[in-house]
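Written below as structure tokens is the structure these notes are about.
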Amino acid sequence: MKVIRNAVWMLAGGIFLLGITGPVAHAAENASGAALTVEAAKALSNAEFLVGMAKNKKSLWTTAAGALTQAQEAAKKQDSEAVIRYSAVASEQAFLGLAQSGYPLTGAD
Amino acid sequence: MKQLIWIMSCLGWLAIAANAQAAPEDHRLKVVKAVQKIYPAIKFEDYVHGALAFSPDAKDQYDAIMAFPPYDAEIEKGAKLWETPFKNGKRYADCFPREGRNVAGNYPLFDAATKKVVTFEMALNQCRTANGEDPYKHSDMNTMGLLTAYARTLSDGMKMNIKVEGKEALAAFEAGQKFFHQRRGQLNFSCAGCHISNVGNVLRTEYLSMAPGQATHWPAFRGGDYALFTLQRRYAACNQMVRLAPLEIGGEEYNNLEYYHSYLSNGLPLKASVFRK
Numbered sequence: 001m002k003v004i005r006n007a008v009w010m011l012a013g014g015i016f017l018l019g020i021t022g023p024v025a026h027a028a029e030n031a032s033g034a035a036l037t038v039e040a041a042k043a044l045s046n047a048e049f050l051v052g053m054a055k056n057k058k059s060l061w062t063t064a065a066g067a068l069t070q071a072q073e074a075a076k077k078q079d080s081e082a083v084i085r086y087s088a089v090a091s092e093q094a095f096l097g098l099a100q101s102g103y104p105l106t107g108a109d
Numbered sequence: 110m111k112q113l114i115w116i117m118s119c120l121g122w123l124a125i126a127a128n129a130q131a132a133p134e135d136h137r138l139k140v141v142k143a144v145q146k147i148y149p150a151i152k153f154e155d156y157v158h159g160a161l162a163f164s165p166d167a168k169d170q171y172d173a174i175m176a177f178p179p180y181d182a183e184i185e186k187g188a189k190l191w192e193t194p195f196k197n198g199k200r201y202a203d204c205f206p207r208e209g210r211n212v213a214g215n216y217p218l219f220d221a222a223t224k225k226v227v228t229f230e231m232a233l234n235q236c237r238t239a240n241g242e243d244p245y246k247h248s249d250m251n252t253m254g255l256l257t258a259y260a261r262t263l264s265d266g267m268k269m270n271i272k273v274e275g276k277e278a279l280a281a282f283e284a285g286q287k288f289f290h291q292r293r294g295q296l297n298f299s300c301a302g303c304h305i306s307n308v309g310n311v312l313r314t315e316y317l318s319m320a321p322g323q324a325t326h327w328p329a330f331r332g333g334d335y336a337l338f339t340l341q342r343r344y345a346a347c348n349q350m351v352r353l354a355p356l357e358i359g360g361e362e363y364n365n366l367e368y369y370h371s372y373l374s375n376g377l378p379l380k381a382s383v384f385r386k
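Quick mapping for you: the protein sequence lines, in order, are chains R and G. 1 is the number of the first residue of the first sequence in the working numbering; add one for each residue after it. 110 is the number of the first residue of the second sequence in the working numbering; add one for each residue after it.
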């Protein structure tokens with residue numbers, strides 16, 4: 001009985017310790033400069049490419065530029081989830097800007 | 110026989126050249142007629158007042174402000190910039206015919222040598238560099254803005270007189286025309302969509318002004334703080350409003366746009382350094 005009681009206390013203690021050290025350990029890992037996830041790095045790279053292309057074509061929307069800035073800021077903080085989210089917006093808005101240059105002209109002769 | 114062929118080919122080239130000039134003029138007349146059809150009561154010469162042409166109250170306010178412009182001190186700063194000699198003793202007035210009077214209406218012009226549009230601001234900078242001075246940044250309202258706030262007033266009353274002669278000039282005109290008619294920014298507006306197709310309608314609490322006449326009254330002192338805006342600064346601001354990242358003030362795109370846009374105002378009198386909301 002005593003053995004079982006001790007085992008239960010040890011298990012509870014272990015769970016408690018994991019509960020408080022898990023997130024801290026995760027944050028520490030990020031703060032120490034661990035690389036972004038592969039997916040995040042790729043998303044950011046794609047967004048930078050598309051935004052650059054839109055800028056060269058004089059078709060860059062401010063929404064694309066703004067989202068890319070937010071993705072780059074998130075990358076500095078190693079926030080992969082935010083990088084992916086903002087990069088997706090930047091890529092989409094940049095793509096739409098590029099596509100817009102093919103729209104028919106308004107009120108043309 | 111040889112003489113006949115020579116005469117015929119010369120006549121042919123003349124016809125082509127005339128046709129090239131006819132195309133911009135046909136387009137300008139089409140735009141003017143489109144506005145006249147919707148607003149027959151507004152006289153052509155009143156197009157220079159833009160949105161004010163739709164609101165007698167706003168026009169009265171404008172007249173009251175223009176009687177004693179609160180930004181006179183800024184124009185005086187511009188006058189000082191204009192009149193201060195360069196280090197070599199020459200002045201801006203030495204770079205232009207008639208000492209700079211009645212010249213602004215000829216700009217933008219197409220320089221056949223460089224094959225580029227030259228705006229009045231570029232001509233001022235050419236004067237600076239030819240006399241050993243550094244050029245001003247086109248986007249700097251404290252130098253180029255103030256200089257043009259005075260220099261352009263020397264052409265007040267002059268009729269806009271933009272020429273499009275030759276294939277390359279026509280290409281620049283058409284590039285500007287395309288820019289004006291192309292949808293841009295996340296809001297998907299084109300300049301023409303507002304200032305040709307929706308003239309006189311209200312957007313953001315203001316009447317949409319007609320394209321002919323717009324290029325005649327710059328720079329303008331805008332809003333409650335009378336911020337100085339050159340025409341290209343206004344292009345950048347408009348682009349920003351429709352959520353397009355603004356292009357370079359003084360860059361090729363805006364220069365071609367100004368070339369086309371100014372052509373639409375041919376025949377209308379210039380008046381610089383005016384108030385606008």
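All C-beta atoms, glycine included, are put in the ideal place defined by N, C-alpha and C.
Nearest-angstrom Cα separation, counted from residue j out to residue i
i	j	result
R:Y103	R:K55	18 Å
G:A345	G:A281	19 Å
G:K168	G:E230	29 Å
G:K386	G:P328	13 Å
G:E367	G:T228	8 Å
R:A40	R:E73	13 Å
G:E134	G:G159	21 Å
G:G322	R:A65	33 Å
G:A188	G:S264	14 Å
G:L337	G:F330	5 Å
R:A25	G:L317	Low confidence applies here, because R:A25 scores a pLDDT of 39, under 50, leaving its location unreliable; read the following figure in that light. Cα to Cα, R:A25 sits roughly 59 Å from G:L317.
G:P165	G:K268	24 Å
R:S59	G:N307	24 Å
R:L44	R:A94	13 Å
R:T63	G:M350	12 Å
R:P23	R:S91	The predicted position of R:P23 is uncertain, since its pLDDT is 43 and thus under 50; a value taken from the coordinates is nonetheless stated next. Going by the C-alpha atoms only, they are around 31 Å apart.
G:K272	R:S87	46 Å
G:F195	G:G254	18 Å
G:E283	G:D220	16 Å
G:P149	R:G52	47 Å
G:P179	R:L50	46 Å
G:M175	G:A182	14 Å
G:D203	R:A75	56 Å
R:A99	R:W61	11 Å
G:K111	G:E274	29 Å
Boundaries of the alpha helix (DSSP H) in which residue i is found, first to last residue
i	result
G:L263	Where G:L263 is concerned, there is no enclosing alpha helix (DSSP H), given that its DSSP letter is neither H nor E.
G:V226	Unbroken run through G:V226 is the beta strand (DSSP E), 225-227; no alpha helix (DSSP H).
G:A329	Run containing G:A329: none in the alpha helix (DSSP H); it sits in the beta strand (DSSP E), 329-331.
G:Y369	361-372
R:G97	80-100
G:C300	300-304
Proximity test, residue i beta-carbon vs the ligand FMN heavy atom, cut-off 6 Å
i	result
R:E81	Absence of the ligand FMN from the depicted structure is noted, as is the absence of any ligand whatsoever, leaving it without description.
Cβ neighbours of residue i in the same chain (closer than 8 Å, five flanking residues each side left out)
i	result
G:S299	F289, H290, Q291, R292, R293
G:I305	V140, A143, V144, M319, A320
Own chain residues within Cβ distance below 6 Å of residue i, not counting five before or after
i	result
G:L353	R293, G294
G:L161	A167, K168, Y171
G:K224	E277
G:S374	M269, P321, G322, A324, T325
G:N348	P355
R:N46	S91
Where residue i sits in the DSSP three-state scheme
i	result
G:G294	coil
G:P178	coil
R:K58	coil
G:D220	strand
G:A336	strand
G:E274	coil
G:P244	coil
G:Q206	First, the amino acid is wrong: residue 206 of chain G is Pro here, not Gln. G:P206: helix per DSSP, three-state reduction.
Contacts around residue i, its chain only, beta-carbon distance under 7 Å, and the 5 residues preceding and following it disregarded
i	result
G:I358	H247, S248, Q341, R342, A345
G:W191	Y201, L256, Y259, A260
Residue i: first and last residue of the uninterrupted beta strand (DSSP E) it sits in
i	result
G:F384	383-385
Residues bridged to residue i [DSSP beta-bridge criterion]
i	result
G:E315	G:L312
R:L50	Looking at the DSSP assignment, R:L50 forms no beta bridge with any residue, so it has no partner.
G:L353	R:W61
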